[in-house]
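Counting from 1, position 177 in the sequence shown corresponds to residue 177 in full-length UniProt numbering; the numbering is continuous, with no gaps.
Note that the Cβ used here is the ideal one computed from N, Cα and C, for glycine as well.
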Amino acid sequence: MFTGLIQDTGTVTRVTSGAMTDFWIRTSLGAEAFALGESIAVDGACLTVVEKGGDTFRVQAAPETLRRTTLGARKVGDRVNLERALALGDRLGGHLVSGHVDAVSEVLETFAEGGSWVMVFRLPPELAPCFIEKGSVTIDGISLTVNAVDASTFRVQLIPETQQRTTLHGKGPGAQVNLEGDLIGKYVARLYALRGAPEAAAQGTGLTEAVVRAAGFSPRG
């Protein structure tokens, strides 16, 4: 679990393709202190540290990860947003982020407004139910507030701190980004969609055990 507060922008130093794709990433976070097997979010995708040394660590991406994220396009010299997993007792400064990328989106427009940088993105239809104005979204691992949303687009604003500490400000129209919808919003949207399921219709429109089970949960008796 993560918070969407980027701790460092690392640099990809080596990429090796194969049955698994290996990425070596240089960071100022003190990679030597990383625990093998720990989780780290790389541009919002939760990956596992499998090797470390000096200021560099290695992670592996499975074919499914490459299909569902932008990591397959990463090359030597690219900068990536990094966040180590949340520790119990840490402040939750952003919002709950799982590191499971839902979709790849595209930058449609960018412009300055005061000291902020406005970015407009394509809204994938499958994620639309999770987006509300002033709700949360994770873009390339960054916790951001949705300032405006319509049927096919949404907008965020980057304050100067976010512009300086992440890679997002450098992406223009046409660039692709990783999106993760709000975790709580996804559960609410899923349960709401199931209100019309046969199990729910047979037992009323309330939140019944049948609806909870259909959503993938297993209530204890």
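Item                                                                                                                                                          : Value
For R74, which of helix, strand or coil comes out of DSSP?                                                                                                    : coil
Answer yes or no: the CB of A128 versus the heavy atoms of the ligand GTP, is any distance below 7 Å?                                                         : In terms of ligand content, the structure shown is empty, and the ligand GTP therefore cannot be addressed.
DSSP puts T166 in a beta bridge; with which residues?                                                                                                         : Partner(s): none; T166 has no beta bridge.
Assuming F154 contacts F111 under a Cβ cut-off of 8 Å, what Cβ separation, rounded to an integer in Å, is found between them?                                 : Not confirmed; about 15 Å, so no contact.
Got a sec, what are the start and stop residues for the alpha helix (DSSP H) L88 sits in?                                                                     : Counting along the chain, L88 falls outside any alpha helix (DSSP H), and DSSP gives it neither H nor E.
Compute the Euclidean distance between the alpha carbons of G4 and I142, then round it to the nearest angstrom.                                               : 5 Å
Can you find the residues in the same chain that come closer than 7 Å, C-beta to C-beta, to Q7, ignoring five residues on each side of it along the sequence? : L29, L82, E83, R84
In angstroms, rounded to a whole number, what distance separates the CA positions of G44 and E133?                                                            : 21 Å
In angstroms, rounded to a whole number, what distance separates the CA positions of T70 and L86?                                                             : 23 Å
Could you tell me the alpha carbon to alpha carbon distance between G18 and L96, rounded to whole angstroms?                                                  : 32 Å
Exposed or buried, V101, counting other C-beta atoms within 10 Å across all chains shown (16 or more means buried)?                                           : buried
Helix or strand or just coil, what does DSSP make of residue 240?                                                                                             : Absent from the model: residue 240. The displayed extent of the chain is 1 to 221, so no value can be given.
Grouping DSSP H, G and I as helix and E and B as strand, with all else coil, what is Q7?                                                                      : coil
Pairs of beta-carbons, one from the region 145-154 and one from the region 170-177, closer than 8 Å: are there three or more?                                 : no
Could you tell me if A35 is buried or exposed, where buried requires 16 or more neighbouring beta carbons within 10 angstroms of its beta carbon?             : exposed
Can you list the beta strand (DSSP E) stretches of 3 or more residues lying completely in the region 104-182, in chain order?                                 : 116-122, 136-139, 142-145, 153-158, 176-181
Take D90 as the anchor and find which of E106, G181, F2 has the nearest alpha-carbon.                                                                         : F2
Does the beta-carbon distance from T48 to S39 come in below 8 Å?                                                                                              : yes
Can you check which of these residues, V15, P125, Q157, is closest to E109 by C-alpha distance?                                                               : Q157
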